[in-house]
Each structure stands twice: as C-alpha cells, then as structure tokens.
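> Handing you a structure now.
There are 2 protein chains.
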Amino acid sequence: MTNHDPDLSLLFHALSDPTRRAILSRLAATPARVTDLAEPTGLRLPTVMRHLSVLEEAGLIATSKQGRTRTCAIVPEALEPARTWLDEQRALWEARLDRLDDYVMKLMKERET
Amino acid sequence: MTNHDPDLSLLFHALSDPTRRAILSRLAATPARVTDLAEPTGLRLPTVMRHLSVLEEAGLIATSKQGRTRTCAIVPEALEPARTWLDEQRALWEARLDRLDDYVMKLMKERET
Numbered sequence: 525m526t527n528h529d530p531d532l533s534l535l536f537h538a539l540s541d542p543t544r545r546a547i548l549s550r551l552a553a554t555p556a557r558v559t560d561l562a563e564p565t566g567l568r569l570p571t572v573m574r575h576l577s578v579l580e581e582a583g584l585i586a587t588s589k590q591g592r593t594r595t596c597a598i599v600p601e602a603l604e605p606a607r608t609w610l611d612e613q614r615a616l617w618e619a620r621l622d623r624l625d626d627y628v629m630k631l632m633k634e635r636e637t
Numbered sequence: 525m526t527n528h529d530p531d532l533s534l535l536f537h538a539l540s541d542p543t544r545r546a547i548l549s550r551l552a553a554t555p556a557r558v559t560d561l562a563e564p565t566g567l568r569l570p571t572v573m574r575h576l577s578v579l580e581e582a583g584l585i586a587t588s589k590q591g592r593t594r595t596c597a598i599v600p601e602a603l604e605p606a607r608t609w610l611d612e613q614r615a616l617w618e619a620r621l622d623r624l625d626d627y628v629m630k631l632m633k634e635r636e637t
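Put into structure tokens, the structure is as follows:
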C-alpha cells in the first residue's frame, strides 16, 4: 500500500461525504433497493444515483438489477485498505515516540553518570 | 460519531489525495519545514501550501513559525475519528453476519426435526 495508490484516493474520496457514509452504514445492516436508500436522504433520485456511482467506483458497493429494481449491497472488505493505511500511519508515529523515549532515557542516564 | 459529522468529511477529504497522504507519512516520522516537505513532491510551493492548509483545516497537522521558517508537525490523534468510523462499519457488518449465521442454524435445525 503506497500513498500513491489511486484506489486509496477513490476510497477516501467516497468516504468524504456524509450522504455516502450514511448509505454505507444503512447497507452494512442489509442490502437495499435504490429507492429505499434514497428515501431517508430527502435527496432527488439522480443525486442519490450519483452518490451510488461514486461508492461503486470506489469498490465499496455492488449493484444488481432484477427487472426494473436495482439492489445495492456493501462490499465490506473494500474498507480494508483504508484501515491498513491508518494502521501504517499509527505504526510510523509509535516508532517515532519509541525513538524519542530511547533518546530521553539515554539523556537521563548520561545525566546520572 | 455520526455520519453527518462535518469533521469526518474534512478528514476523509484530506486523506483522499496522494500528495497529502505522502506528506502525513513524512511527518509521522519527524516534523519538517515547509520547504523540506515540498522538495520530494516536485510541486510548486504554493501548491504544497494549499495541500498543507487542507491538512491543517482537517486538524491533521499543526504549524508553527520561527522567523521566516514555518515547521509542520502531525497531530496523530486526529486520525482516530476515521479509525473509529471504520471500526463502527465493521461492527455493523459483523452483526449482520452473526444474524445470518443464526438464521442458517435455525433453518438447519428445523430441517433436522
């Protein structure tokens, strides 16, 4: 996972909108039809469709069509690269704190002797 | 943490750009001057300054000025809301899988009897 991974940019971009996050939370509980997803948002259907296509492009949802009904389902493993990136940042930061700890300990020992 | 938290939108937006993610990784290792951050990106200073202001607005970095030198440092705890949101989604999804498990077990028991 590098910082220049384009998928990671699409992923974080998809998560940067409150309506899209609300849709994901809704879909985490159960798959849903596009019209059912649109209803609680109070947004017009074309706007919701645009949000859904951003989520689909980021790999976060999959859609299927039966007759005239389109159903959306979450792809939960698609969130993993975001989690991995955050974990990597935390590891980098903790390694820095450890180095700082070592340095302070060394200074204290030098002062004692 | 609700999906409509504006800070969470700023945070994910800040993370949606590869240059900004690279700057954060760089700062996780050690604080740095703006000119030092700009150099590896190959971008012009005003462009880098715009990226830094997006990061600062999201609370991910803090800057300080001494004379004519501006230094940037990461604010690591600022990443926590993103991690919390991802954890919440995973919990929702796992609860759904558990319910599905229970349902399948119930069906199998009914078939046995």
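Just so you know, the protein sequences line up as chains A and B, in that order.
In this text, residue positions in the first sequence follow my numbering: the first is 525, and each later residue adds one.
In this text, residue positions in the second sequence follow my numbering: the first is 525, and each later residue adds one.
Cβ coordinates follow ideal geometry from the N, Cα and C atoms, glycine included.
This structure is a prediction, so every number in the text was calculated from the model and none was measured.
Is there a Cβ from chain A that is less than 9 Å from the Cβ of B/A552?
So, interface residue.
> Residues of the segment 587–606 of chain B with a CB closer than 8 Å to any CB of chain A: list them in chain order, please.
Residues I598, P600, L603 and A606.
> Which residues, in order along the segment 526–537 of chain A, keep a beta-carbon less than 9 Å from a beta-carbon of chain B?
Within the segment 526–537 of chain A, the qualifying residues are T526, N527, H528, D529, P530, L532, S533, L534, L535, F536 and H537.
> Is A/P542 close to chain B, meaning its C-beta is less than 9 Å from at least one C-beta of that chain?
Yes, because at least one Cβ of chain B sits closer than 9 Å to the Cβ of A/P542.
> Less than 9 Å between CB atoms is the rule here; does B/E612 satisfy it with respect to chain A?
Chain A contact via Cβ: present.
> By the criterion of Cβ-Cβ separation under 7 Å, what are the contact partners of B/L539 in chain A?
Per Cβ cutoff of 7 Å: F536.
> Does the segment 609–622 of chain A come close enough to the segment 548–555 of chain A to have 3 or more Cβ pairs within less than 8 Å?
Touching, no, given that fewer than three Cβ pairs across the two stretches are closer than 8 Å.
> Can you have a look at A/R635 and say buried or exposed, based on whether 16 or more other CB atoms are within 10 angstroms of its CB?
Exposed, because fewer than 16 other Cβ atoms sit within 10 Å of the Cβ of A/R635.
> Please confirm whether A/R557 has its beta-carbon closer than 9 Å to some beta-carbon of chain B.
No, its Cβ sits nowhere closer than 9 Å to a Cβ of chain B.
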